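**Q** Numbering of the sequence shown is given in this note's numbering, commencing with residue -3 and proceeding in unit increments.
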Amino acid sequence: MDLKNRTIIITGASSGIGAATAKSLGRAGARLVLGARRTEQLKEIASQICQQGGVAAVLPGDVEDEGYAEALVKLAENEFGGLDGAFNNAGMVGDMVPVTEMSLANWHKTLATNLTSAFLAAKAQIPAMMHRGKGSIVFTSSFVGYSNGGLPGMSAYAASKAGLIGLVKSLASDHAASAIRVNALLPGGTITPMGGEGDAEIMAFVANLHPVKRMAVASEIAEAALFLLSDRASFVTGSAMLVDGGISARLI
């Protein structure tokens, strides 16, 4: 999939799915604007992309900040002349406890990181893409926000990811006439720091939930993001694309 000279923002790019997608997009020729909170890790990913012949600018920050969403777009415009796509991937799981034991602070933090940040990103990115004449936005949701089979202790996470799917469908409907596609990517359990990487007991439990009896590697999810951002997905908008090893088929 050729994304040569396309300018794409990626948040949560310092590790996991975000980092793997950044590397895949860099190999496909995209010009990248990478965002994450961890400055040194973000710079290291950008360095690896540039060493492989790619182009990447970095801007550390917090996706909960409206000014940060706007600053990422301005960097794309100032460095590369505009914005063609975005992979809004940053997220968090939060405290995995029942609602009766959950703090209001954790509820607000999880929704702010996973859902309000998506609103802020879209608000900043869509006008830039309209100026460009078209665009593609992908948000990372989760099978947890889609399946009818709830997982214990994940109420805040599930609510935020389900809300994200609803937001994506509305954004897709609102902006299809402007040639802006908006889709949600729903990974299954993936071997990342947020997905329990390094904890053999957690990884074995999560792997066993999937019919394929394993977790995804980040590069498998990156391939799906690459497809949705490319012209090969030109008729795909408003979708909730499952890349989950069959786990939702089991839980529905």
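For glycine and all other residues, C-beta sits at the position ideal for the given N, C-alpha and C. Keep in mind it's a predicted model, so treat the numbers as computed, not measured.
The beta strand (DSSP E) with G162 in it runs from where to where?
**A** On the sequence shown, position 166 is the one that residue 162 refers to. Looking at the DSSP string, G162 is not in any beta strand (DSSP E); the run it does join, the alpha helix (DSSP H), is S151 to H171.
**Q** I'd like the list of long-range same chain contacts for S132, defined as Cβ closer than 6 Å, with 5 residues on each side in sequence excluded.
**A** Residue 132 sits at position 136 when you count from the first residue of the sequence shown. So the list reads G81, R177 and L225, once near-sequence residues are dropped.
**Q** Excluding the 5 residues flanking H206 on each side, which residues of the same chain have their C-beta closer than 7 Å to its C-beta?
**A** Along the sequence shown, read from residue 1 onward, the residue named residue 206 stands at position 210. These residues qualify, in order along the chain: G184, G185, G241, G242 and I243.
**Q** Is the distance from the Cβ of T106 to the Cβ of S156 below 8 Å?
**A** Position 110 of the sequence shown, counted from the first residue, corresponds to residue 106. Position 160 of the sequence shown, counted from the first residue, corresponds to residue 156. It is a contact, given that the beta carbons lie within the stated cut-off.
**Q** Could you tell me the distance, in whole angstroms, from the CA atom of V202 to the CA atom of S99?
**A** In the sequence shown, residue 202 corresponds to position 206, counting from 1. In the sequence shown, residue 99 corresponds to position 103, counting from 1. C-alpha separation (whole angstroms): 25 Å.
**Q** Just how far apart, CA to CA, sit A200 and L147?
**A** Here the question's residue 200 lines up with position 204 in the sequence shown. Here the question's residue 147 lines up with position 151 in the sequence shown. For A200 and L147, the distance between alpha carbons rounds to 16 Å.
**Q** Can you tell me whether DSSP reads G241 as helix, strand or coil?
**A** Stepping through the sequence shown from its first residue, residue 241 is reached at position 245. Here G241 sits in coil by DSSP.
**Q** Which residues bound the alpha helix (DSSP H) around N255?
**A** This structure cannot speak to residue 255, because the chain is shown only from -3 to 248.
**Q** Measuring alpha carbon to alpha carbon, tell me which of A118, T136 and I217 ends up nearest D170.
**A** Position 174 of the sequence shown, counting from 1, holds the residue named residue 170. Of A118, T136 and I217, the residue nearest in Cα terms is A118.
**Q** By Cβ distance, which residues of its chain are closer than 6 Å to A168, with the 5 residues on each side in sequence left out?
**A** Taking the sequence shown and counting its residues from 1, one reaches residue 168 at position 172. The residues are V178, T233 and G234.
**Q** Between the segment 37 to 52 and the segment 111 to 129, can you find at least three pairs of beta-carbon atoms closer than 8 Å?
**A** Flag = no, the segment 111 to 129 and the segment 37 to 52 do not touch.
**Q** Locate the alpha helix (DSSP H) running through G31, then write down its first and last residues.
**A** For the purposes of this step, residue 31 is taken as residue 35 along the sequence shown, with counting starting at 1. No alpha helix (DSSP H) contains G31, which is instead part of the beta strand (DSSP E) from R27 to G31.
**Q** Distance, Cα to Cα, P94 vs M211?
**A** Numbered from its first residue, the sequence shown carries residue 94 at position 98. Numbered from its first residue, the sequence shown carries residue 211 at position 215. Taking the straight line from one Cα to the other gives about 25 Å.
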